[in-house]
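Enquirer:
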Amino acid sequence: MSDYRESYRGKTILVTGGAGAIGSNLTRALGESGAELVIVLDDLSSAVRWNVPSLGNVLFVEGSILDEVELKRVFFEGPDLVFHLAALFANQNSIDHPETDLLVNGLGTLKLLQYSRLAGVRRFIYASSGCSIYGSNAPLPLTEEFMSLHLSTPYQITKMLGELYCNFFKHHYEVPVVKARFFNSYGPGELPGQYRNVIPNFIYWAMRGEPLPITGTGEETRDFTYVGDIVDGLLRAGYFEAAVGQEFNLASGKETRIIDLAEMINAQVGNRAGVVFAQKRKWDTKSRLLASVDRAKTLIGYQPHTSFEEGLSKAIAWFRENWEQIEAAARFGPGVSSAVREVSRQK
Ligand SMILES: NC(=O)c1ccc[n+]([C@@H]2O[C@H](COP(=O)([O-])OP(=O)(O)OC[C@H]3O[C@@H](n4cnc5c(N)ncnc54)[C@H](O)[C@@H]3O)[C@@H](O)[C@H]2O)c1
Numbered sequence: 001m002s003d004y005r006e007s008y009r010g011k012t013i014l015v016t017g018g019a020g021a022i023g024s025n026l027t028r029a030l031g032e033s034g035a036e037l038v039i040v041l042d043d044l045s046s047a048v049r050w051n052v053p054s055l056g057n058v059l060f061v062e063g064s065i066l067d068e069v070e071l072k073r074v075f076f077e078g079p080d081l082v083f084h085l086a087a088l089f090a091n092q093n094s095i096d097h098p099e100t101d102l103l104v105n106g107l108g109t110l111k112l113l114q115y116s117r118l119a120g121v122r123r124f125i126y127a128s129s130g131c132s133i134y135g136s137n138a139p140l141p142l143t144e145e146f147m148s149l150h151l152s153t154p155y156q157i158t159k160m161l162g163e164l165y166c167n168f169f170k171h172h173y174e175v176p177v178v179k180a181r182f183f184n185s186y187g188p189g190e191l192p193g194q195y196r197n198v199i200p201n202f203i204y205w206a207m208r209g210e211p212l213p214i215t216g217t218g219e220e221t222r223d224f225t226y227v228g229d230i231v232d233g234l235l236r237a238g239y240f241e242a243a244v245g246q247e248f249n250l251a252s253g254k255e256t257r258i259i260d261l262a263e264m265i266n267a268q269v270g271n272r273a274g275v276v277f278a279q280k281r282k283w284d285t286k287s288r289l290l291a292s293v294d295r296a297k298t299l300i301g302y303q304p305h306t307s308f309e310e311g312l313s314k315a316i317a318w319f320r321e322n323w324e325q326i327e328a329a330a331r332f333g334p335g336v337s338s339a340v341r342e343v344s345r346q347k
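Numbering (the numbering used here), first residue to last: 1 to 347.
Written out as structure tokens, the structure reads:
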């Protein structure tokens, strides 16, 4: 095992949001690295219990990061490191629930930093969002020195707020923070749903034999990053000293058009229903996303390894293996997604 993975052996680690799409994969990797204890604090507001890895050294605590009793309980275990991934996710959700967004992503992050400071943790790794920080007009590929104050959703604002709190705790209290900016994570462990990302939703519609709803022209691009590569970056972020106080992108460094993504998923799943176009969402102001991973490479030796084809196959295989549970858990309430489905029904 490499040094950075080996470094988690015997450690106690807190993962907030550890039942979620990225957190569940991180929890498994930490559990398998020989950690003494991995504590998952998650209120299951956008996740399911069965997604938490069943390992002997994983302790699942169902509760909110806003709940002082639960925070005292998990910090009583004396975590050496904190991976803070719990958040209200993501853009449309934050437009529909701006106050919860501020509470969870703003106050929740502040509370985690306060407890981490008092506990004297060796590392606090914050799940930031590259799609948030850079706004809509930054030059491509996106590099860390650029930032924008013209953000288009409450989620983007509060993910940036989290970084600003991290900076304050580093400068004022010397909490060893790391800000990892993720780009469009996908892979096993992410459920479809009204507020979820395009890939699990496309796989879901494809498996149901329905047309894939594209909000826009399909020419838009994203930097889709396999969750295993993001987890590898997080494990590195918790180990390498050079990461402390820094912010860096965890991305694939490649662009994929949404129309190509849709066609790949339909082909892999065997869905003949094609695609259907719906109106672009007002907040969706980014026509292209492509990140530079140079800084992460220099600081922590990060290098994404998973090809898009391979990552998609793994995500689809996970859907096939867990289809009944996934279908039961998929939440599509009233709102944009159902409007998109309506469009597809009418075509
Ligand atoms: N998925 C991406 O592409 C992406 C991109 C950029 C940043 N991020 C960030 O990475 C982190 C993980 O993202 P994800 O895709 O796994 O999202 P996710 O929604 O699957 O995971 C977040 C988890 O936090 C939990 N949670 C929400 N509110 C909580 C609260 N008050 N107390 C405790 N738990 C709570 C949810 O139940 C969920 O399990 C988030 O902070 C997100 O903002 C994700």
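Using N, Cα and C, we set each Cβ at its ideal position, and we do this for glycine too. All values derive from a computational prediction rather than experimental measurement.
I'd like the ranges of any alpha helix (DSSP H) spanning at least 4 consecutive residues and lying wholly in the stretch 52 to 117.
Expert: 68 to 75, 91 to 96, 98 to 101
Enquirer: Does DSSP classify F240 as helix, strand or coil?
Expert: coil
Enquirer: Looking at the unbroken beta strand (DSSP E) that takes in N418, where does it start and where does it end?
Expert: Any property of residue 418 remains undetermined from this structure, which presents the chain solely from 1 to 347.
Enquirer: Please indicate yes or no: does the CB of N184 lie closer than 7 Å to some heavy atom of ligand 1?
Expert: yes
Enquirer: Using three-state DSSP, classify F124 as helix, strand or coil.
Expert: strand
Enquirer: May I have the straight-line CA-CA distance separating H172 from G162, to the nearest angstrom?
Expert: 15 Å
Enquirer: Mind checking L164: buried by the 16 CB within 10 Å criterion, or exposed?
Expert: exposed
Enquirer: Say whether the stretch 244 to 260 touches the stretch 92 to 101, bearing in mind that this needs 3 or more beta-carbon pairs closer than 8 Å, one atom from each stretch.
Expert: no
Enquirer: Could you check which residue in E70, A206, V276 has the C-alpha nearest to that of R320?
Expert: A206
Enquirer: Does the beta-carbon of T16, which I'm using as the reference point, lie nearer than 7 Å to any heavy atom of ligand 1?
Expert: yes
Enquirer: Just how far apart, CA to CA, sit K282 and L118?
Expert: 42 Å
Enquirer: With DSSP collapsed to three states, give me the class of G233.
Expert: helix
Enquirer: Could you pull out every residue in the same chain whose Cβ sits closer than 8 Å to the Cβ of E219, ignoring the five residues on either side in sequence?
Expert: R257, I258, I259, S287
Enquirer: In chain order, what residues of the same chain have a beta carbon less than 7 Å from the beta carbon of A273, not counting five sequence neighbours either side?
Expert: G209, E210, P211
Enquirer: Under 8 Å Cβ to Cβ from K159, same chain only, skipping five residues before and after it: list those, please.
Expert: Setting aside the 5 residues that flank it on each side, K159 is surrounded in the same chain by A87, N105, S128, S129, S132, I133, each with a C-beta closer than 8 Å to its C-beta; the list follows chain order.
Enquirer: Please classify N197: does DSSP put it in a helix, a strand, or coil?
Expert: coil
Enquirer: Helix, strand or coil for S132, going by three-state DSSP, please let me know.
Expert: helix
Enquirer: Under 8 Å: do the stretch 35 to 55 and the stretch 230 to 245 share three or more Cβ pairs, one atom per stretch?
Expert: no
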